[in-house]
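S.K.: Just dropping this structure here.
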Amino acid sequence: MKFQTVQIVTADELLKHIGQVVEANHTVNKNGGKRGGVMKTARQYGIRPQELSNTINRSLTPPKRILEAENLEKQVFYVRKGSKSDE
């Protein structure tokens, strides 16, 4: 059997990336506190801040708008039993 190779992004990798985007969008106030990252990031993705927060906290799967903005699509794939990824 011949299989096509695709790039796979795990849920953990996607959530880490989203967290980095939120962190980059934070503004720092005079006291060194950070704020506004979730609001700004949610606006960029075109979703509500609560949706983004729930996604980051893993109580919601990433909405379609996040996947589209990151040029991703959700697919189901199968892995051979006992196989390990190249690390």
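Numbering-wise (my numbering), the sequence shown opens with residue 1015 and increments by one.
The beta-carbon is built from N, C-alpha and C at its ideal position, and this holds for glycine as well.
Values in this document were obtained by computation on a predicted structure and should not be read as measured data.
1) Tell me whether the beta-carbon of Val-1036 lies closer than 8 Å to the beta-carbon of Val-1023.
2) Out of curiosity, what's the CA-to-CA distance linking Ala-1025 and Thr-1069?
3) For Gln-1089, which option in Pro-1076, Gly-1096 and Lys-1095 has the closest C-alpha, if you only look at C-alpha atoms?
4) For Lys-1048, write down the residues that DSSP places opposite it in a beta bridge.
5) Measure the alpha-carbon distance for Thr-1019 versus Ala-1056 and round it to whole angstroms.
6) Work out the CA separation of Lys-1054 and His-1040 for me, nearest whole Å.
7) When DSSP labels each residue in this structure, what does Leu-1028 get in the three-state scheme?
8) With DSSP as the reference, label Thr-1075 as helix, strand or coil.
M.R.: On the basis of the data shown:
1) Not a contact, by the Cβ cut-off of 8 Å.
2) Between Ala-1025 and Thr-1069, the C-alpha separation is close to 10 Å.
3) Closest by alpha carbon: Pro-1076.
4) Looking at the DSSP assignment, Lys-1048 forms a beta bridge with Val-1042.
5) About 32 Å.
6) In a straight line, the C-alpha of His-1040 is about 8 Å away from that of Lys-1054.
7) Under the three-state reduction of DSSP, Leu-1028 is assigned to helix.
8) In this structure, Thr-1075 counts as coil in the three-state DSSP scheme.
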